[in-house]
Amino acid sequence: MRLTKVLLTILVIFGINLPSFAQSDDNLIVTPEQPVQGENIQIKYRPVEGLKTSKQVNGVIYLYNNYRWTAGDLQLKRENGVWISTYPLPKDCGFFALKFEGDSLSDVGSGGSYARFVYEADGQKAQGAYIGWGLIRSPGYGHLIPGYTTESISDTATYFWINQEITYHQKEAAPLFAYEYCLALKKSKMSDAESKIGRCLKYLQNNPTERNLLSEEAIYRNVLEQNQKADSVHQINMEKYPSGALNRFASYRKALNEKDMATQNKLMRKFLVEFPKKPADERFNDDNVISYDNIYFSLLFSEVFKKNYNALYEYLPKLSLGGLVNVYYKIITIPHNRKALSDDFLYPYADSLVKQILKEKNDKPFQYRFLSPKEWNRKFEKMLTQEVLLTHVSLLRNSGHISEALSYAERAQKVLNYTVAGLNEDLCYLLEQEGKQGELDSVLRKSMYHNQVTPYLIDLLKKNYVAKKGSAAGFDAYMRSLKKTESAGEISERILKDKRRGKMPAWELVDANGKKISSKDLLGKTYVLDFWASWCVPCKASFPGMKLAVERYRNKSDVALFFVNTEEYLPTYKEAAKKFITEKNYPFHILFDNKVAGAKVNDELFSKVCKEFKISGIPQKVFVDKKGNVQFISVGYKGSPSELADDISELIEATKKAAAK
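The sequence shown runs -22 to -1, 1 to 639 under mature numbering (1 follows the signal peptide of the UniProt record, and there is no 0).
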């Protein structure tokens, strides 16, 4: 790369190194050496050590087009250990940076060595080249690429590259980067910073566009810390641009902060009329936390509160992708999980939401602008699956939409790969309904391999086994053979996460039959206390797995499992707990936690355990050895009944061994 003597002198004065991409990198060669706007480049990447064994290396190109970042995918093919791709540069591209990824490693080079200036056809650096190279390495200026970490530069160097951009592309760059220019001047503590900032302000004042007024205010407020002048510019901006960004922000905050619901709804509707949503406002809205979705949520949920679910159809085309996902959770997932509304009632609204969500895939949200198309596709499918489809498949199954449910279940499995027991059950049920026995057998085996099966799936597996073998003999061994083998070290590592040591507080509780049971009665036995509450969704979700565990130890006289109903606030909690356990046919020995005089909930023993072992949350399982010592405490539920049953068994056996030492 050629530089004039003047520029070289400036670089030396500022202590700025030449861009490291002036020469070919050992791992990366880009041709031509001076990439040209609108023309193809060839990329040759020799993998770093951690990527040499990867079967597939993926590449992303970050493009700085007309001062906006976007991302593209490289179609890499391997030839003699080198990954090669050709990519057409956009006609407005000024700078680009490359990233290469394998299974667990991301490589962006060192010192910006995977970045390149882009040139115009006449050999001059293109618009965006200087400032892209400067800001990509400048923390604190708001222009970094998320996850693209490279060595940062000094504020003096940042100023140099911004100044170069404004010098060569003043008309385009000055209005956009006046604030960053002044901020770099201040941070670099240059002797002439004050006069240069003054000239910049004069430039903005001579052309008082809305953007320039915003920059002027920011410079006065954040760079010069002259709030009075900043307030004056702020007022001028609001008066000069009544439909502008500052009035939009003020109207939004006024509506959001209003306490009276009726008045708030009026203000919100007024806001939407006066400040319709525009793509051009995305950056300001994002920087200032102006969310149109919040307005839509408030208006929509005020209607849903009045049982007017049809109001959803008014807001469907207006909501962003994130807004649609949030609405699905609030309006569909919560009532579905709580069984507050029937799935037949929810179906038309859920169906409309999902169809609109799928449409939004083609309109990548502003906050995901740094994702390439392939990265965005993975992000979207993961979001869709985890936030929507797990509920949607269950809802479709329950409402009789079998083929539709099957299609979505198979789509979700491409993301989750049989690692979620609930989805595995739904998929197996749907395949059974469709008579797809071969696919059903395959899903059962894959589910069992990941230890993500429910009692229903175990019954299906057993049914198929008996049909082939003629009896259930050897079924348990067959089921164990399907599971992924864990090493002793992996099992030990998992168990140690729940390790606790200490004396179990003495206790005496009453069971569902009115019989008193105490810790003294259980000396000589290994026992488990599973603390749960009727309002606790994960507690109830864990019970199918706990049923499997109880059945495993049903004939073991030296082990006991108890289910301690705790933290209940309703006066009829005992009747409710007994009714629930009976209706679900769970073979559980229920105990009721004691209620201290004056307390709002029955949590005497649970509170003692939490205080003693500095732990909280339910479901909580306490493993006590035959000497009355706590060995393990596990909190929460991961979602797989079979995995939970195995974990309980492993912890019980580990508790026994600990007591024997």
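The C-beta atom is built at its ideal place from N, Cα and C for all residues, glycine as well.
Which class does Thr504 belong to by DSSP, given the choice of helix, strand or coil?
strand
Rounded separation between Gly59 and Val35 - CA only:
11 angstroms
With H, G and I counted as helix, E and B as strand and the rest as coil, what does DSSP make of Phe253?
coil
Who are the Cβ neighbours of Ser2 in its own chain at under 6 angstroms, not counting the five residues just before and after it?
Confidence at Ser2 is low in this model, with a pLDDT of 46, below 50, so its placement is unreliable and the value that follows should be read with caution. Answer for Ser2: no residue qualifies.
Whole angstroms are fine: how far does the CA of Ser470 sit from the CA of Thr633?
13 angstroms
Applying the criterion that 16 or more other CB atoms from any shown protein chain within 10 Å of the CB defines a buried residue, is Leu629 buried or exposed?
buried
Which residues mark the beginning and the end of the beta strand (DSSP E) in which Leu66 is found?
Position check: residue 66 holds Pro in this sequence, whereas Leu was assumed. Its beta strand (DSSP E) spans residues 60 to 66.
Measure the Cβ-Cβ separation of Leu401 and Leu409 and say whether it is below 8 angstroms.
Note that the C-beta distance between Leu401 and Leu409 is not below 8 angstroms.
Bridge-paired residues (DSSP) for residue 689:
Nothing in the structure corresponds to residue 689, since the chain is present only between -22 and 639.
Secondary structure of Val(-11), DSSP reduced to three states
The pLDDT assigned to Val(-11) is 48, lower than 50, so where the model puts this residue is not dependable; a value taken from the coordinates is nonetheless given after this. Val(-11): helix per DSSP, three-state reduction.
Whole angstroms is fine: what's the gap from Asn304's alpha carbon to Gly120's?
Cα to Cα, Asn304 sits roughly 27 angstroms from Gly120.
Thr48 - containing beta strand (DSSP E), residue span:
For Thr48, the enclosing beta strand (DSSP E) covers residues 46 to 52.
Which same chain residues, not among the five before or five after Gln204, have their C-beta less than 7 angstroms away from its C-beta?
Tyr198
Is Lys534 helix, strand or coil when you go by DSSP?
coil
Nearest-angstrom Cα separation, counted from Ala328 out to Ser254
Just to set this straight, residue 254 is Pro in the shown sequence, not Ser. Spanning the two alpha carbons is a distance of roughly 27 angstroms.
Taking only the alpha-carbon atoms, compute the straight-line gap between Ala455 and Ile495 and give it to the nearest angstrom.
Spanning the two alpha carbons is a distance of roughly 36 angstroms.
Jot down the residue ranges of each uninterrupted beta strand (DSSP E) in the stretch 535 to 601, minimum 3 residues, whole runs only, in chain order.
537 to 543, 568 to 570
Of the listed residues Gly118, Ser91, Lys149, Pro124, nearest to Leu106 (C-alpha basis):
In the sequence under discussion, the amino acid at residue 106 is Gly, which differs from the Leu named in the question. Closest by alpha carbon: Lys149.
When the Cα atoms are used, what is the spatial distance from Val528 to Glu553?
When rounded, the separation of the alpha-carbon atoms in Val528 and Glu553 is 22 angstroms.
Coarse secondary structure for Gln102, derived from DSSP in three states
coil
Mind checking whether Glu158 and Ile140 have CB atoms under 8 angstroms apart?
Taking 8 angstroms as the Cβ cut-off, Glu158 and Ile140 qualify as a contacting pair.
Exposed or buried, Thr128, counting other C-beta atoms within 10 Å across all chains shown (16 or more means buried)?
buried
Could you tell me whether the Cβ atoms of Ala390 and Thr363 are closer together than 8 angstroms?
yes
Any idea if Leu(-16) is buried or exposed, counting beta-carbon neighbours within 10 angstroms, 16 or more meaning buried?
Because Leu(-16) sits at a pLDDT of 49, beneath the cut-off of 50, its placement in the model cannot be relied upon, and the following sentence gives the value as read from the coordinates. By the 10 Å Cβ count, Leu(-16) comes out exposed.
Separation of Gly378 from Phe358, as counted between CA atoms:
27 angstroms
How long is the line joining the alpha carbons of Ser210 and Gln53, rounded to whole angstroms?
Going from the Cα of Ser210 to the Cα of Gln53 covers about 53 angstroms.
Quick check: the Cα distance between Leu507 and Asp265, rounded to an integer number of angstroms?
49 angstroms
What are the start and end residues of the beta strand (DSSP E) that includes Phe283?
That residue, Phe283, is in no beta strand (DSSP E); it is neither H nor E in DSSP.
With distances taken from CA atoms, which of Ile214, Ala171, Leu29, Gly16 is nearest Leu67?
Leu67 has its Cα closest to that of Gly16, out of Ile214, Ala171, Leu29, Gly16.
Between the alpha carbons of Glu621 and Ala383, how many angstroms are there, rounded?
25 angstroms
Nearest CA to the CA of Asp70: which residue from Glu561, Pro220, Met457, Glu98?
Glu98
Go to Gln609, then tell me how far its beta strand (DSSP E) extends in each direction, as first and last residue.
607 to 613
Where does Ile114 sit, in a helix, a strand or coil, going by DSSP?
Coil, per DSSP.
When we look at the beta-carbon of Ser512 and count the other beta-carbons within 10 Å, is it buried (16 or more) or exposed?
Burial call: buried.
With contact counted as at least three CB pairs below 8 angstroms, one residue from each stretch, are the stretch 521 to 539 and the stretch 455 to 464 in contact?
No, they do not touch.
Figure out for me which residue from Thr31, Ile7, Tyr92, Ser82 has the closest Cα to the Cα of Leu41.
Tyr92
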